[in-house]
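Numbering (this note's numbering), first residue to last: 2 to 123.
Structural data, given as structure tokens:
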């Protein structure tokens, strides 16, 4: 059974590139351009792991995380993807399992996804 990843980012280039890379690694990837769409996706098909951008229109990463944690009994690990200098503070605020600093190296992305998709939900 493939690991289901929800990729939430408002940049279509990032969504397309990361999806292709992770699908080539054997993961199933669903994408959303903002937090509103991501909540709908997470309700329809609960993900095993969430890759979350923080700065998006309609609903940002902070608001998504807050709503997501209220919506599910056992949340999937969240890896935040951000260019913010305060990434560790942001991770703590949204109870993220890990941080991937933008711009990121694709090998770092794959390593984090493998690590957290193999771990029990936290």
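Even glycine gets a Cβ: it sits at the ideal position worked out from N, Cα and C.
Run through the DSSP bridge pairs and tell me what residue i is partnered with.
i	result
residue 21	BP columns for residue 21 are empty, so no partner.
residue 81	53 and 100
Between the options, which lies nearest to residue i when the distance is taken from Cα to Cα?
i	options	result
residue 47	3, 101, 102 and 113	3
residue 58	107, 114, 116 and 12	12
residue 17	27, 70 and 33	33
residue 101	82, 95, 43 and 9	82
residue 68	41, 20 and 117	41
residue 84	6, 10 and 5	10
residue 73	55, 90, 49 and 56	49
residue 96	71, 30 and 112	71
residue 94	117, 31, 104 and 55	55
Between which two residues does the beta strand (DSSP E) containing residue i stretch?
i	result
residue 5	5–9
I'd like the list of long-range same chain contacts for residue i, defined as Cβ closer than 7 Å, with 5 residues on each side in sequence excluded.
i	result
residue 122	Caution applies to residue 122, whose pLDDT of 42 falls short of 50 and renders its modelled position unreliable; the value that the coordinates give is listed next. Contacts found: 75, 76, 77 and 78.
Near residue i, what residues of its chain come up, given a Cβ to Cβ distance below 6 Å and the 5 sequence neighbours on each side ignored?
i	result
residue 51	7, 77 and 79
Locate the alpha helix (DSSP H) running through residue i, then write down its first and last residues.
i	result
residue 73	Segment: none, residue 73 is in no alpha helix (DSSP H) and carries neither H nor E.
residue 108	107–118
For residue i, I'd like the list of residues in its chain whose CB is within less than 8 Å of its CB, leaving aside the five on either flank, ordered along the chain.
i	result
residue 31	5, 6, 7, 8, 42, 46 and 48
residue 107	22
Q: Report the residue ranges of all beta strand (DSSP E) runs contained in full by the segment 20–61; include only those spanning at least 3 residues, in chain order.
A: 29–33 and 50–54
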